[in-house]
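Presented below is the structure to which this report refers.
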Amino acid sequence: MSFYDLENQQQDKSIEQLAVKENDVYNIARGKKLCNTMQQRLSNIHSSIQDRSIQTGSYLAANRVQKRTSVARTKFIVCIYNANEQEKFYFEETLTSAANRDVEYRFIPYPLTFETCHYSQDAICVCISTRDHCTSEILRQLNLLAVRLIYLRDCADLIFADDDQTVKQQALKKCIDLNAVSRLKLTLASVPSPPESMLIEYIVTLVLTITKNIHRYYTRMRTLNFSLNGLTSIELYKRKVGIISMNNRIIQKLSTIFDSMGCTVIHWDPTIHPGMKSSELIKEKQNNSPIRGISMTNTKTTTKDGSLVSSEELYSQSDIIIVYLPQDERTNKLINYDIFNKLKESVSFIILGNTKVFDFNQLQYALRQGKLNAISFSTITGAQDYMNTDCSNKALNHDELLQVIAHPNVICTGNEFIFNNDTFLHASAQTCLETLLDFVNGVFPMKNIIQL
0 MSFYDLENQQ
10 QDKSIEQLAV
20 KENDVYNIAR
30 GKKLCNTMQQ
40 RLSNIHSSIQ
50 DRSIQTGSYL
60 AANRVQKRTS
70 VARTKFIVCI
80 YNANEQEKFY
90 FEETLTSAAN
100 RDVEYRFIPY
110 PLTFETCHYS
120 QDAICVCIST
130 RDHCTSEILR
140 QLNLLAVRLI
150 YLRDCADLIF
160 ADDDQTVKQQ
170 ALKKCIDLNA
180 VSRLKLTLAS
190 VPSPPESMLI
200 EYIVTLVLTI
210 TKNIHRYYTR
220 MRTLNFSLNG
230 LTSIELYKRK
240 VGIISMNNRI
250 IQKLSTIFDS
260 MGCTVIHWDP
270 TIHPGMKSSE
280 LIKEKQNNSP
290 IRGISMTNTK
300 TTTKDGSLVS
310 SEELYSQSDI
320 IIVYLPQDER
330 TNKLINYDIF
340 NKLKESVSFI
350 ILGNTKVFDF
360 NQLQYALRQG
370 KLNAISFSTI
380 TGAQDYMNTD
390 CSNKALNHDE
400 LLQVIAHPNV
410 ICTGNEFIFN
420 NDTFLHASAQ
430 TCLETLLDFV
440 NGVFPMKNII
450 QL
């Protein structure tokens with residue numbers, strides 16, 4: 000074999016080896032392309048299934064699909080913001096009683112803000128209060144942290160809204176961006192409304208406290224001052240109790256209690272009869288016009304809930320006035336300077352939920368002039384962040400609250416005080432656990448879900 004033949008043979012082998020290498024590279028590239036295509040298809044299927052499962056509230060279905068590509072959750076973590084010691088006790092007690100080891104509570108003593116969102120890492124649910132404000136930025140951050148459920152545990156404004164859906168939406172918008180919740184496909188739930196007996200107990204307790212000056216005597220006793228000067232109490236027997244409310248069930252129960260004390264109960268609904276005079280009410284009565292299902296008699300506008308009267312009659316005749324109204328444009332500044340001039344001497348006020356019914360500048364005038372015997376608030380608009388917190392060692396930057404509580408005949412408890420009892424706190428913790436378990440198990444329809 001000549002030298003040239005040997006050289007040609009080696010070149011042929013080199014060409015064959017190069018062709019094999021090129022073919023391998025082509026096959027490898029083609030395989031990678033196929034893998035990428037299949038991976039993209041699987042990713043699209045996974046996203047579609049996950050979106051559908053989240054919309055129906057089933058987190059586990061989405062978790063099963065992705066368990067090959069991500070670490071499965073060992074526990075379902077609930078991040079509870081603004082948690083105090085009382086709430087911590089009832090949440091832990093409920094979890095211990097249920098003997099559920101799949102749920103873990105993470106108590107955060109701080110409010111929910113953009114800076115505190117990182118505490119929700121690995122959590123599936125956040126539990127918030129009315130002092131938290133879920134803006135769209137916060138909700139977007141929670142969504143990135145894989146939070147799927149938001150639970151409102153003490154939305155007092157929502158409870159005071161009764162069955163008015165418009166007022167409920169307005170109450171929810173104060174603490175959470177509903178558009179962002181819907182856009183991010185988050186699930187929103189809330190504590191169930193407490194029994195009306197809680198509100199009734201609170202109202203009656205405040206009436207007895209301010210008419211008997213119990214709170215002022217207790218303060219004196221702590222300083223060893225047992226003098227009764229200036230603490231003359233008011234006898235409720237044969238007094239008139241005026242109720243301004245649109246909730247007939249509350250009116251009926253209060254009427255039963257105060258009637259047993261020998262009081263006369265009258266009531267007025269400002270949403271049904273705004274500014275109605277006595278003559279107009281009598282004319283409507285004669286026409287037998289039903290008001291919220293209450294039929295009128297021929298001689299007197301009286302129901303089992305007490306006497307339905309006009310606004311001017313209620314203000315001029317009542318010794319104690321109870322205001323239970325949702326926060327609404329129809330009830331803003333309902334009681335003003337003109338109303339204070341129509342009141343009897345030494346009238347006591349009980350205000351629940353909505354303090355926008357007052358003009359605070361004119362209320363200050365009425366308190367300084369001694370037109371009011373006492374007044375009690377469940378909250379003051381704009382001061383919710385100070386309620387249920389210790390402000391004794393820091394500045395209180397709320398002029399209206401400071402000016403009002405400076406008077407000795409004023410009580411301000413905060414809405415949380417109404418529901419600060421064993422029954423409601425236990426129900427709130429129990430409902431939170433049940434809602435979470437229904438959510439992760441795909442139970443549909445779920446209880447206590449807020450439909451947006």
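Position 289, counted from 1, in the sequence shown is what numbering that gives the first Met the number 0 calls 288; the numbers after and before it change by one each time, with no gaps. Cβ coordinates follow ideal geometry from the N, Cα and C atoms, glycine included.
- Task: Return yes when the Cβ of Cys124 is within less than 7 Å of the Cβ of Val180, no when it is not.
- Result: no
- Message: For a quick check, are the C-beta atoms of Phe75 and Val439 less than 7 Å apart?
- Response: yes
- Message: Just list the residues that DSSP pairs Ser189 with in beta bridges.
- Response: Leu151
- Task: Determine the burial state of Gln326: buried for a count of at least 16 other Cβ atoms within 10 Å of its Cβ, exposed for fewer.
- Result: buried
- In three-state terms, what does DSSP make of Gly56? In this predicted model, Gly56 has a pLDDT of only 42, less than 50, meaning its place in the structure is not dependable enough to derive any value.
- Give the single residue among Val442, Asn447 and Gln429 whose Cα lies nearest to the Cα of Thr93. Gln429
- Using the C-alpha atoms, what's the distance from His266 back to Arg215? 29 Å
- Which of helix, strand or coil does DSSP assign to Ala373? strand
- Item | Pro269, buried or exposed, once every other Cβ within 10 Å from all chains shown has been counted against 16 | Residue environment: Pro269 is assigned as buried (16 or more neighbouring CB atoms within 10 Å of its CB, all protein chains considered).
- Would you mind sorting Ala98 into buried or exposed? The rule is 16 or more other CB atoms within 10 Å of its CB. Its Cβ having fewer than 16 others within 10 Å, Ala98 is exposed.
- Item | Inter-residue CB distance, Ile458 and Val442 (contact presumed, cutoff 8 Å) | There is no way to answer for residue 458, as the model of the chain reaches only from 0 to 451.
- Query: Between Ser232 and Asn212, is the Cβ-Cβ spacing less than 7 Å?
  - Reply: yes
- Item | Length-filtered (3 minimum) beta strand (DSSP E) runs lying within the segment 180–255 | 186–189 and 239–244
- Is Ser128 closer than 7 Å to Leu144 when the C-beta atoms are compared? no
- Give the straight-line distance between the Cα atoms of Ile293 and Ser347, rounded to the nearest whole angstrom. Per-residue confidence for Ile293 stands at a pLDDT of 34, beneath the threshold of 50, marking its modelled position as unreliable; the derived number appears in the next sentence. Between Ile293 and Ser347, the C-alpha separation is close to 28 Å.
- Local conformation of Ile417 per DSSP, three classes: helix
- Message: For Leu230 and Thr208, I'd like the C-alpha separation in whole angstroms.
- Response: Leu230 and Thr208: Cα-Cα distance of roughly 12 Å.
- Exposed unless 16 or more other CB atoms sit within 10 angstroms - verdict on Met220: exposed
- Complete runs of the alpha helix (DSSP H) confined to the segment 68–133 [at least 4 residues]: 84–97
- Does the beta-carbon of Ser259 have 16 or more other beta-carbons within 10 angstroms, so that it is buried, or is it exposed? exposed
- Query: Within 10 angstroms of its Cβ, does Cys126 collect 16 or more other Cβ (buried), or is it exposed?
  - Reply: buried
- Item | Helix, strand or coil at Thr263 according to DSSP, with G and I counted as helix | Here DSSP, grouped into helix, strand and coil, assigns Thr263 to strand.
- Item | Nearest-angstrom Cβ-Cβ length linking Arg147 and Thr186, presumed shorter than 8 Å | 6 Å
- Message: For the segment 336–347 against the segment 184–199, do three or more pairs of beta-carbon atoms, one drawn from each stretch, fall closer than 8 Å, so that the two count as touching?
- Response: no
- Task: Report the three-state DSSP secondary structure of Ile175 (helix, strand or coil).
- Result: strand
- Expected contact under 8 Å - CB spacing of Lys239 and Glu195 to nearest Å: So it is not a contact: roughly 23 Å between Cβ atoms.
- Item | C-beta atoms of Pro110 and Asn81 nearer than 7 Å | Yes, the Cβ-Cβ distance between Pro110 and Asn81 is below 7 Å.
- How long is the line joining the alpha carbons of Ile307 and Gln363, rounded to whole angstroms? A small fix is needed here, since residue 307 is Leu in this sequence, not Ile. Answer to the nearest angstrom: the Cα atoms are 30 Å apart.
- Look up Cys390 in the DSSP assignment and say whether it is helix, strand or coil. Correct three-state label for Cys390: coil.
- Task: Sort out for me which residues DSSP pairs Phe257 with in a bridge.
- Result: The partner list for Phe257 (beta bridge, DSSP) is empty, contrary to what the question assumes.
- Nearest-angstrom Cβ-Cβ length linking Gln85 and Leu424, presumed shorter than 8 Å: 6 Å
- Item | Chain-order list of residues whose beta-carbon lies under 6 Å from that of Ile281 (same chain, five-residue window excluded) | Its pLDDT being 45, under 50, Ile281 is placed unreliably in this model, and the coordinates cannot settle the point.
- Task: Sort Pro407, Cys133 and Ser377 by Cα distance to Phe353 and report the nearest one.
- Result: The sequence shown places Asn at residue 353, rather than the Phe named in the question. When only C-alpha atoms are compared, the closest one is Ser377.
- Expressed to the nearest angstrom, what Euclidean distance is found between the alpha-carbon atoms of Thr218 and Asn247? 37 Å
- Task: Taking Tyr336 as part of the alpha helix (DSSP H), name the residues at either end of that continuous run.
- Result: Tyr336 to Lys341
- CB-CB under 8 Å to Met445, same chain, minus the five flanking residues each way: which ones, in chain order? Shown here for Met445: same chain residues with a beta carbon closer than 8 Å to its own, the five before and five after excluded, namely Gly56, Thr186, Ala188, Thr434, Asp437 and Phe438 in chain order.
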